[in-house]
Structures are given as structure tokens and as C-alpha cells.
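Some notes on the structure that comes next.
There are 2 protein chains.
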Amino acid sequence: MAARIPVDEHAAFVRSLLTGLGARPSERVALADALGRITASPVESPIALPPFRNSHMDGFAVRSGDVTDAPVSLPVVGEVAAAPGVPAPLEPGTAVRIMTGAPVPDGADAVVPVEDTEPDVVADRIRVLRPRAAGEYVREAGSDLAAGDDVLPAGVRLASRHLAAAAASGLTELLVRERVRVAVVSTGSELVSPGTTLGPGEIPDANGVALVAAVRAAGALVVHEGRVRDDVERLRAEFDAAHDAGAELVLTSGGVSKGAYEVVRELLEPLGGWVGSVAMQPGGPQATGAYRGMPVIGFPGNPVSAQLSFELFVAPTLRAIAALPPAASERLELAEPLTSVPGRRQYLRGRRDDDGRAVVVGGPGSHLVAALAASDLLIVVPEDVTTLDAGAVVDTVVL
Amino acid sequence: MAARIPVDEHAAFVRSLLTGLGARPSERVALADALGRITASPVESPIALPPFRNSHMDGFAVRSGDVTDAPVSLPVVGEVAAAPGVPAPLEPGTAVRIMTGAPVPDGADAVVPVEDTEPDVVADRIRVLRPRAAGEYVREAGSDLAAGDDVLPAGVRLASRHLAAAAASGLTELLVRERVRVAVVSTGSELVSPGTTLGPGEIPDANGVALVAAVRAAGALVVHEGRVRDDVERLRAEFDAAHDAGAELVLTSGGVSKGAYEVVRELLEPLGGWVGSVAMQPGGPQATGAYRGMPVIGFPGNPVSAQLSFELFVAPTLRAIAALPPAASERLELAEPLTSVPGRRQYLRGRRDDDGRAVVVGGPGSHLVAALAASDLLIVVPEDVTTLDAGAVVDTVVL
Numbered sequence: 100m101a102a103r104i105p106v107d108e109h110a111a112f113v114r115s116l117l118t119g120l121g122a123r124p125s126e127r128v129a130l131a132d133a134l135g136r137i138t139a140s141p142v143e144s145p146i147a148l149p150p151f152r153n154s155h156m157d158g159f160a161v162r163s164g165d166v167t168d169a170p171v172s173l174p175v176v177g178e179v180a181a182a183p184g185v186p187a188p189l190e191p192g193t194a195v196r197i198m199t200g201a202p203v204p205d206g207a208d209a210v211v212p213v214e215d216t217e218p219d220v221v222a223d224r225i226r227v228l229r230p231r232a233a234g235e236y237v238r239e240a241g242s243d244l245a246a247g248d249d250v251l252p253a254g255v256r257l258a259s260r261h262l263a264a265a266a267a268s269g270l271t272e273l274l275v276r277e278r279v280r281v282a283v284v285s286t287g288s289e290l291v292s293p294g295t296t297l298g299p300g301e302i303p304d305a306n307g308v309a310l311v312a313a314v315r316a317a318g319a320l321v322v323h324e325g326r327v328r329d330d331v332e333r334l335r336a337e338f339d340a341a342h343d344a345g346a347e348l349v350l351t352s353g354g355v356s357k358g359a360y361e362v363v364r365e366l367l368e369p370l371g372g373w374v375g376s377v378a379m380q381p382g383g384p385q386a387t388g389a390y391r392g393m394p395v396i397g398f399p400g401n402p403v404s405a406q407l408s409f410e411l412f413v414a415p416t417l418r419a420i421a422a423l424p425p426a427a428s429e430r431l432e433l434a435e436p437l438t439s440v441p442g443r444r445q446y447l448r449g450r451r452d453d454d455g456r457a458v459v460v461g462g463p464g465s466h467l468v469a470a471l472a473a474s475d476l477l478i479v480v481p482e483d484v485t486t487l488d489a490g491a492v493v494d495t496v497v498l
Numbered sequence: 100m101a102a103r104i105p106v107d108e109h110a111a112f113v114r115s116l117l118t119g120l121g122a123r124p125s126e127r128v129a130l131a132d133a134l135g136r137i138t139a140s141p142v143e144s145p146i147a148l149p150p151f152r153n154s155h156m157d158g159f160a161v162r163s164g165d166v167t168d169a170p171v172s173l174p175v176v177g178e179v180a181a182a183p184g185v186p187a188p189l190e191p192g193t194a195v196r197i198m199t200g201a202p203v204p205d206g207a208d209a210v211v212p213v214e215d216t217e218p219d220v221v222a223d224r225i226r227v228l229r230p231r232a233a234g235e236y237v238r239e240a241g242s243d244l245a246a247g248d249d250v251l252p253a254g255v256r257l258a259s260r261h262l263a264a265a266a267a268s269g270l271t272e273l274l275v276r277e278r279v280r281v282a283v284v285s286t287g288s289e290l291v292s293p294g295t296t297l298g299p300g301e302i303p304d305a306n307g308v309a310l311v312a313a314v315r316a317a318g319a320l321v322v323h324e325g326r327v328r329d330d331v332e333r334l335r336a337e338f339d340a341a342h343d344a345g346a347e348l349v350l351t352s353g354g355v356s357k358g359a360y361e362v363v364r365e366l367l368e369p370l371g372g373w374v375g376s377v378a379m380q381p382g383g384p385q386a387t388g389a390y391r392g393m394p395v396i397g398f399p400g401n402p403v404s405a406q407l408s409f410e411l412f413v414a415p416t417l418r419a420i421a422a423l424p425p426a427a428s429e430r431l432e433l434a435e436p437l438t439s440v441p442g443r444r445q446y447l448r449g450r451r452d453d454d455g456r457a458v459v460v461g462g463p464g465s466h467l468v469a470a471l472a473a474s475d476l477l478i479v480v481p482e483d484v485t486t487l488d489a490g491a492v493v494d495t496v497v498l
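These protein sequence lines are chains A and B, in that order. Plus 99 on top of the position in the first sequence (first one is 1) and you've got the numbering used here. Plus 99 on top of the position in the second sequence (first one is 1) and you've got the numbering used here.
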């Protein structure tokens with residue numbers, strides 16, 4: 100029997116197979132569709148921000164020299180709203196009423212906020228109560244950004260504030276990295292579509308739904324989904340369909356263990372793929388290979404194993420490409436003692452109890468899909484550890 | 100001049116206006132569309148998990164009593180695959196080859212993993228090398244979950260592992276909370292659609308794009324987007340359109356300060372709304388009201404003010420409804436000294452420098468939309484603080 104591959108070695112090998120995915124092509128998307136996408140290159144603003152000199156306050160545009168000796172009274176000769184148009188230049192010794200964001204007239208070099216004024220006893224005049232220096236409450240054109248400057252760098256994951264800056268620059272679309280195109284294929288003659296009435300020996304396919312959602316949560320795009328019974332030619336047809344759909348990566352579940360009907364093994368091994376055992380529980384049987392230029396990562400068919408294998412081996416790479424943070428890890432105390440098998444890294448499903456300690460949920464069985472759903476962390480028990488006491492500190496992976 | 104309302108008081112008032120949004124109607128969505136949605140009620144599994152007794156390993160199904168004295172030799176009388184069908188009962192003194200996940204035949208009560216066997220010298224027989232007790236490597240029907248038990252609780256934000264458990268239960272859709280239906284309306288005669296060639300006095304509307312994206316990032320749904328010039332009847336028409344689109348909340352930008360063309364003020368004040376000043380910078384002018392049963396929260400028109408106001412006053416409620424974690428806050432040392440205005444809580448845009456200290460990005464101006472995009476945190480300067488030294492510890496809000 101072949102030796103079990105250490106977890107970290109398998110993880111490194113899968114990572115190396117996925118290296119090519121890191122060089123992303125780019126595509127243009129509308130601002131409205133760009134939330135969460137990653138800029139492919141620095142984004143230049145075609146205009147200055149703000150595009151014209153404008154008022155920071157509701158008040159009166161003046162020449163600062165006219166209010167040096169405030170309080171002073173000035174005739175109000177007009178009004179400038181935040182609206183299209185070019186205001187008339189400001190004559191010396193006069194003021195115009197001005198709204199926040201409105202263009203400051205030529206000739207004016209300061210804005211006196213309305214709070215620093217009072218109506219004059221004479222009609223159509225304003226009393227300015229405080230002097231205002233040149234530039235006060237005036238936003239100069241380009242004071243946020245000059246035309247041609249970068250408004251966003253490359254590689255930024257777009258949040259609302261980035262889209263706001265792009266919109267303010269007059270942009271309607273952005274060049275972003277294409278998401279990784281992934282195919283998900285479930286194998287197993289026992290699998291039926293969820294919702295189908297189950298005959299004897301049949302179970303709903305949970306892996307398809309789980310891996311599709313997990314791929315999306317990792318920032319990638321599912322371009323093909325398939326489910327095949329244990330028939331290598333059908334699997335080959337799914338891989339061909341994935342290739343035709345432009346998949347850059349194929350994820351499979353099932354068909355990698357030591358039974359008689361292991362279709363992933365049957366397909367990949369003649370193509371030079373590897374199907375073997377990794378020193379972990381759950382998730383021992385794993386596969387790696389390539390098909391028509393697409394890396395293929397094969398997970399076991401047990402739904403807990405398949406989900407965990409994705410999180411450990413593939414999600415880190417996809418998340419990094421999507422500029423998502425890696426899964427958090429925490430060191431927690433165990434609420435209860437536990438035992439583990441020697442020679443394999445155990446990933447027990449668990450949750451934090453009310454005291455912030457890690458407690459195991461369900462058992463180690465790789466079929467306990469409801470227990471996994473009830474968990475919020477994985478408790479990592481190293482290969483050489485077989486017993487842990489309550490209170491022992493363990494590494495956990497936050498789900 | 101009316102007194103400025105304290106930030107926390109305004110925040111509490113807005114929160115109270117949004118209380119009604121917390122009681123969410125529910126809707127059915129397909130599993131494929133349910134990622135990130137929130138279960139509206141506990142989800143019952145119509146079937147047991149697993150639905151039938153099956154093998155945990157590739158190996159041989161036996162009667163445990165037949166292998167007590169292992170090593171023993173047993174005739175292999177058949178094979179059970181993980182495939183539809185009912186296997187024949189196991190006769191005493193025999194074994195059947197069995198695959199992982201395959202139904203364990205009646206009569207068999209243990210599975211001997213293939214690793215614990217070797218081929219017998221006699222054809223069609225297997226040598227079992229180790230005894231296996233009743234139940235070993237057998238997954239009992241219902242050992243994960245009994246039929247009728249809850250596979251998911253109410254109020255869980257659906258991740259891939261939850262969808263996997265629902266799929267394994269044979270479910271195809273889930274009852275989830277409806278997302279909050281929000282309308283976003285920008286006001287300002289100076290605003291044009293991003294991408295439009297700018298005439299004098301015109302600027303691209305950044306607030307629409309920003310608030311729509313921010314609403315989505317907070318887990319809510321934008322059902323209406325509008326932009327109006329400073330014309331109260333046009334604003335009323337937008338609010339009516341929002342109502343017709345089923346909006347439960349209207350967010351506006353602009354039209355709330357002290358100028359002459361303040362359309363949000365003109366519309367809301369006669370309806371009993373409040374338009375006034377909050378003791379903060381940026382974002383002083385704010386509005387609250389209601390229109391045809393929809394709460395209306397009005398932000399200032401400056402894009403930095405509008406975005407910040409949303410994050411401070413509305414996002415916490417929307418995020419809580421969507422079961423998203425609140426924005427993180429951190430206490431950081433200032434990299435440089437800073438000054439602030441008395442009587443107003445200042446939210447300076449900033450980022451972490453290489454030493455993990457907070458450094459201010461851009462100035463305090465509410466028009467610095469590119470500087471906001473370049474920030475990753477807000478530095479909070481309390482109302483009564485006007486100067487802070489380098490090294491002073493400040494609260495920050497992580498963007």
C-alpha cells in the first residue's frame with residue numbers, strides 16, 4: 100500500500116498546479132457590476148477632482164480683500180447655485196450668494212459661510228461679520244486629484260468608496276480581473292438531483308451544491324456543473340463540456356478511493372494524474388491531474404471530506420486571486436478531551452461554546468454533513484497527537 | 100441657529116426609524132441562489148441522514164460474529180456498489196465486497212476495510228486479518244440526523260456547508276428572509292450621469308453609484324435608483340416611483356443644507372420630517388422623515404459626507420438584519436499629530452502605515468472622494484478634542 104502523502108506536501112502540490120491561474124486576463128465591467136471585483140490596472144481619472152473651483156459652504160462668495168476689515172456691508176449682486184452654467188465674474192466690492200458645490204465666480208477668492216453673516220438693514224446687502232482669507236471655504240479644482248492621476252491602484256478589491264471615486268471621475272466602467280472559471284463535477288452512481296424521490300441506495304448529491312457555493316464564496320465563477328454515474332466515458336464527456344465552457348480548473352468529488360468503480364482514478368491515471376492518499380481525516384483519498392490543459396483536483400465523495408478538501412487545498416489559492424483574506428485561524432482551549440488517530444492530521448468539526456472554548460460537533464465521520472453545517476470551526480489535531488486533555492490549546496480554522 | 104444634534108443621538112433616532120425593517124417577510128429561493136441569504140425559520144430535513152445504512156470504507160461486509168477469530172477465510176459471494184438498488188441479504192459465513200457509501204446488506208453488521216484483508220489462496224475467498232465488532236465502519240441510517248429533525252436553525256447566514264446539508268436532505272429551495280428593499284435618490288441640478296461630457300458647473304453623480312453599492316454590500320436590495328435636479332415635484336415623483344417599486348426605505352443625498360434649493364428639506368419638512376445639523380464632520384447636515392410609510396434618511400450631497408453618513412447611521416441596521424458582522428473598530432496610535440474642530444465629532448479618512456499606526460489621508464474636506472477611496476479606516480476624533488499628539492491612541496472604524 101502506497102504511503103500517505105503529508106497534508107502540507109499535498110497542499111503545496113495543488114498550489115503549484117494552480118499557479119497558472121494567478122495571471123488573470125482582464126475584462127471591462129460596468130460600475131454597477133464592479134462591486135467586489137479587483138482592478139486589473141491602475142485607474143486614471145480623465146478629469147480633475149473636483150472638476151472646477153467650487154464652494155465648500157452655503158454662504159457668500161467675496162474677494163477676501165473686501166472683508167479684511169469685517170464687519171463690513173456688501174451689495175449682493177446675484178446668486179450661484181450648484182447647477183450647470185458659468186457664473187458672471189465678481190465685481191470688486193460686491194458679494195454673490197453661493198450654494199455648497201456651486202462654481203466660485205472668477206474674481207472671488209473666498210466664501211463667507213452664511214453663519215458668519217447677517218442681513219443688512221439695507222435691502223440686497225449682507226453684513227459680513229468675520230474676515231475670511233483667500234482660499235477659505237473654496238475647493239480648488241484638482242485639490243482631490245489632478246486630471247490624469249490615478250484614482251485607484253491596481254489590485255484593489257472594489258468597495259463602494261472606490262466605485263464612488265470612479266464615478267466622480269466620470270468613469271462608467273472599470274477594467275477588472277476576470278474571475279477564475281471553474282467546473283464542478285460530482286461522480287457517483289448513487290447520486291440523484293436534490294429533490295428527486297429517493298429509491299433504494301440513492302442519495303441526493305450534496306457535493307455539487309456545496310462546491311458550487313464554495314467556489315463562488317471564494318470569488319471564482321462556476322462555468323460548468325455536472326453529475327455523472329460511475330462511467331468513465333461520461334466523466335470524460337463532462338470534462339470535455341467543462342473545457343468547451345472555458346473552465347480553467349475542474350473540481351471533482353468521488354471516484355478517488357480504492358473501490359471497484361473509481362472513475363476519476365480511471366480517467367486521470369492513464370493521463371499521468373496522481374490518485375492516492377493524504378495523511379488526513381476526513382479526506383484521505385485525493386487526486387490531482389490535468390485534462391486538456393485544465394488542472395483537475397479530485398476530492399473524495401463523502402460530502403464532509405469534499406468540502407474540507409476544497410477549503411484546505413483550493414480555496415486559499417482562489418481567495419488570494421480574488422484578493423479575499425485567508426480563512427482566519429484561532430488558538431482555542433478544548434472544552435473536552437478528545438482522541439485522534441495516529442499518523443493523520445485530523446480536522447474535527449466544532450464550535451465555540453459560551454466560554455469561548457472549542458467543543459467537538461458530531462463525530463469524526465466524513466458523512467456527518469448536518470454536523471458540519473452546525474459547526475463554525477475546524478479543530479486541527481496534528482499527525483503525532485492521539486489524545487488531548489480538556490483545556491489543551493488547539494489550532495482551529497474559522498469557517 | 101438650531102443646536103447641533105449629538106452624533107449618537109441622531110444614530111439612535113435613525114435606528115428607531117428603521118426598527119420596522121427588522122421584521123422580515125420571507126421568500127423561497129433555490130439552493131443555487133441562497134448563498135449568503137438568511138434562513139427565515141428552522142429547516143426540517145424530510146429524510147434521515149444518511150438515508151440508509153451504508154459502508155464507511157471500501158472493504159467487505161460481514162457478520163461480526165464470523166470474524167471474531169480472525170484471521171479467518173470467508174467466501175466472497177457478491178459485490179455491493181454505491182449505486183441504486185437493494186443488496187441481497189448476507190448469508191452467515193459469507194462476505195460481500197462493498198464500496199464506500201454502498202448500502203450494507205441485511206444480515207451484515209460490520210465492514211472490514213480492504214486494508215485489513217488479503218486475497219485467499221483459494222479463488223473467490225478473502226482472508227480477514229483482524230476481527231471487527233458489530234457496527235464498525237457501518238454508518239447507521241439517521242446517525243447524522245433523524246428524519247424530521249432540523250438540519251438548519253433559523254437566522255443562519257447560508258454558507259456552502261449549510262447548502263450542502265440542505266441538499267443532502269433532498270431540499271431544493273429554502274425559506275429565507277427577504278432582503279430590505281431600498282431606494283437611492285441623488286438630488287442636485289449640478290449632477291449628471293457618470294460618463295456624460297461635463298458642461299460648466301456639472302459634475303458626475305458619485306453618490307448614486309456609491310450608495311447603491313454600499314446598500315448591496317450591507318446585504319440589502321436596491322429596488323429603485325433615481326437622480327433629480329433641484330425641483331421638489333421631481334423629487335416627489337421619485338419617491339412615488341420608489342414606493343411603487345416596493346421600497347421600504349429611501350436614502351437621499353443632497354438637498355439638506357441651508358442653501359436656497361434644498362429639495363429634500365422642502366419635501367420632508369411639510370410632512371413633519373426633520374432637517375438639521377448633526378455635530379459631526381464631515382456630514383453635518385442630515386434629514387429624517389417618512390413618505391407614504393417609507394422611512395426617508397437624507398444625507399448631505401458631498402460624496403464623502405453621504406458615504407460616511409450611510410456607514411454610520413444606516414449600514415449598522417442593514418448589516419444586522421442581513422446577519423453580517425458590524426464594521427470592525429480598532430484602537431491605533433496616530434503616526435502624526437492632528438487638529439480638529441471643537442464641538443463636532445470628526446471622522447478623518449486614514450490608513451494604517453507600515454508600522455500599524457493611523458495616518459491621515461487627504462484633508463478633512465467632504466469633497467475628497469479620491470482620498471476616501473485611498474483610505475482603509477476612519478480616525479474618530481471626539482467632540483471635545485481639538486489636538487492630538489503623534490502616538491496618541493485613537494478609535495478607528497475599519498472600512
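We put the beta carbon where it would ideally sit given N, CA and C, even for glycine. Source: prediction; values computed, not measured.
Exposure label - B/Glu324; buried when at least 16 CB within 10 Å: The residue is buried, with at least 16 neighbouring Cβ atoms inside 10 Å.
Check whether chain A comes within 8 Å of B/Arg260, counting only Cβ atoms and requiring the distance to be less than that. It does: the Cβ of B/Arg260 has a partner Cβ on chain A nearer than 8 Å.
Got a sec, what are the start and stop residues for the beta strand (DSSP E) B/Ala129 sits in? That run of the beta strand (DSSP E) goes Ser125 to Ala129.
For the putative contact between A/Glu435 and A/Ala489, defined by C-beta atoms under 8 Å, what is the C-beta separation to the nearest angstrom? Confirmed, Cβ separation roughly 5 Å.
For B/Pro299 and A/Leu130, I'd like the C-alpha separation in whole angstroms. Using only the alpha carbons, I get a separation of about 24 Å.
B/Met100 by DSSP, collapsed to three states: which one? Only weak support exists for where B/Met100 lies, its pLDDT of 47 falling under 50; the coordinates are left without a value.
What do you reckon, are the CB atoms on B/Pro415 and B/Pro425 nearer than 8 Å? In terms of Cβ geometry, B/Pro415 and B/Pro425 form a close pair [threshold 8 Å].
Quick one: what does DSSP say A/His323 is sitting in, helix, strand or coil? Strand, per DSSP.
Measure from the C-beta of B/Gly397 to each C-beta in chain A and report whether the shortest distance is under 8 Å. Not an interface residue.
Segment limits, alpha helix (DSSP H) that includes B/Ala194: From DSSP, B/Ala194 is part of no alpha helix (DSSP H) but of the beta strand (DSSP E) over Ala194 to Ile197.
Using a Cβ cut-off of 8 Å, which residues of the region 301 to 321 of chain B contact any Cβ in chain A, in chain order? Those residues of the region 301 to 321 of chain B that come within reach of chain A (Cβ to Cβ, closer than 8 Å) are Glu301, Ile302, Pro303, Asp304, Ala305, Asn306, Gly307, Val308, Ala309, Leu310, Val311, Ala312, Ala313, Arg315 and Ala316.
Enclosing alpha helix (DSSP H) for A/Glu277 [first to last residue]: If you look at A/Glu277, you'll find it isn't in any alpha helix (DSSP H); DSSP assigns it neither H nor E.
Since A/Leu173 meets chain B, which of its residues come closer than 8 Å, beta carbon to beta carbon? Within chain B, no C-beta atom comes less than 8 Å from the C-beta of A/Leu173; the nearest is roughly 18 Å away.
Got a sec, what are the start and stop residues for the alpha helix (DSSP H) A/Leu447 sits in? In the DSSP annotation of this structure, A/Leu447 is not part of any alpha helix (DSSP H); the continuous beta strand (DSSP E) holding it starts and ends at Arg444 to Arg451.
For B/Ala309, count neighbouring C-beta atoms within 10 Å of its own C-beta (all shown protein chains included) and say buried if the count is 16 or more, exposed if not. With 16 or more other Cβ atoms within 10 Å, it is buried.
Cβ of A/Ile146 less than 8 Å from any chain B Cβ? Yes, its Cβ sits closer than 8 Å to a Cβ of chain B.
Beta-carbon proximity check, A/Pro149 vs A/Ser242, cutoff 8 Å: Less than 8 Å divides the Cβ of A/Pro149 from the Cβ of A/Ser242.
Let me know the beta strand (DSSP E) ranges lying completely inside the region 417 to 498 of chain A, each 3 residues or longer, listed in chain order. Fully enclosed beta strand (DSSP E) runs of 3 or longer: 428 to 432, 444 to 451, 457 to 459, 476 to 480 and 492 to 497.
Kindly indicate which residue of B/Val395, B/Pro384 and B/Gly383 has the alpha-carbon position closest to the one of B/Gly371. It is B/Val395 whose Cα lies nearest to the Cα of B/Gly371.
Any beta-carbon of chain B closer than 8 Å to the one on A/His466? Yes, contact with chain B.
Whether or not the region 302 to 322 of chain A and the region 268 to 287 of chain A are in contact is what I'm after, with contact meaning three or more pairs of Cβ atoms, one per stretch, closer than 8 Å; do they touch? The region 268 to 287 of chain A vs the region 302 to 322 of chain A: in contact.
Just to confirm before moving on: does the CB-CB distance between B/Asn401 and B/Ser465 stay below 8 Å? Cβ distance < 8 Å, so B/Asn401 and B/Ser465 count as in contact.
As a quick exercise: from A/Pro105, A/Ser140, A/Gln445 and A/Leu134, pick the residue whose alpha carbon is nearest that of A/Ala122. Residue A/Ser140 is the option with its Cα nearest to A/Ala122.
DSSP state of B/Arg226, grouped into three classes? B/Arg226 falls in the strand class under three-state DSSP.
Could you tell me whether the region 204 to 219 of chain B touches the region 365 to 382 of chain B, using the rule of 3 or more Cβ pairs below 8 Å? Too few Cβ pairs lie closer than 8 Å, so no.
Tell me B/Phe397's beta-bridge partners as DSSP assigns them. Per the sequence shown, residue 397 of chain B should be read as Gly rather than Phe. According to the DSSP secondary-structure assignment, B/Gly397 is paired through a beta bridge with B/Thr351 and B/Ala386.
How should B/Met100 be labelled, buried or exposed, when 16 other C-beta atoms within 10 angstroms of its C-beta is the threshold for buried? For B/Met100, the predicted model reports a pLDDT of 47, less than 50, meaning its position is unreliable and no value from the coordinates is stated.
What number of angstroms, rounded off, separates the C-alpha of A/Ile104 from the C-alpha of B/Ala469? Distance between the alpha carbons of A/Ile104 and B/Ala469: 50 Å.
Is there a C-beta anywhere in chain A that falls below 8 Å from the one on B/Leu244? Output row for B/Leu244: interface = yes.
Expressed to the nearest angstrom, what Euclidean distance is found between the alpha-carbon atoms of B/Glu108 and B/Ser376? If I take the Cα positions, the gap works out to 12 Å.
Per DSSP, A/Phe159 is paired with what? According to the DSSP secondary-structure assignment, A/Phe159 is paired through a beta bridge with A/Arg196 and A/Val211.
Select from the region 156 to 170 of chain A all residues with a C-beta closer than 8 Å to any C-beta belonging to chain B, and list them in chain order. Within the region 156 to 170 of chain A, the qualifying residues are Asp157.
Taking DSSP as the reference, what is the three-state secondary structure of A/Thr118? In the structure shown, A/Thr118 sits in a helix (DSSP, three-state: H, G or I).
To the nearest whole angstrom, what separates the beta carbons of A/Ile197 and A/Val210, a pair I think is in contact under 8 Å? A Cβ-Cβ separation of about 6 Å places A/Ile197 in contact with A/Val210 under the 8 Å criterion.
Selection from A/Gly135, A/Pro218 and A/Leu476 that minimises the alpha carbon distance to A/Ala256: The question names Ala, but residue 256 of chain A is Arg in the sequence shown. Just measuring C-alpha positions, the residue of A/Gly135, A/Pro218 and A/Leu476 sitting nearest A/Arg256 is A/Gly135.
From this set, A/Gly388, A/Ser285 and A/Leu447, which residue's C-alpha is nearest A/Ser115's C-alpha? A/Ser115 has its Cα closest to that of A/Gly388, out of A/Gly388, A/Ser285 and A/Leu447.
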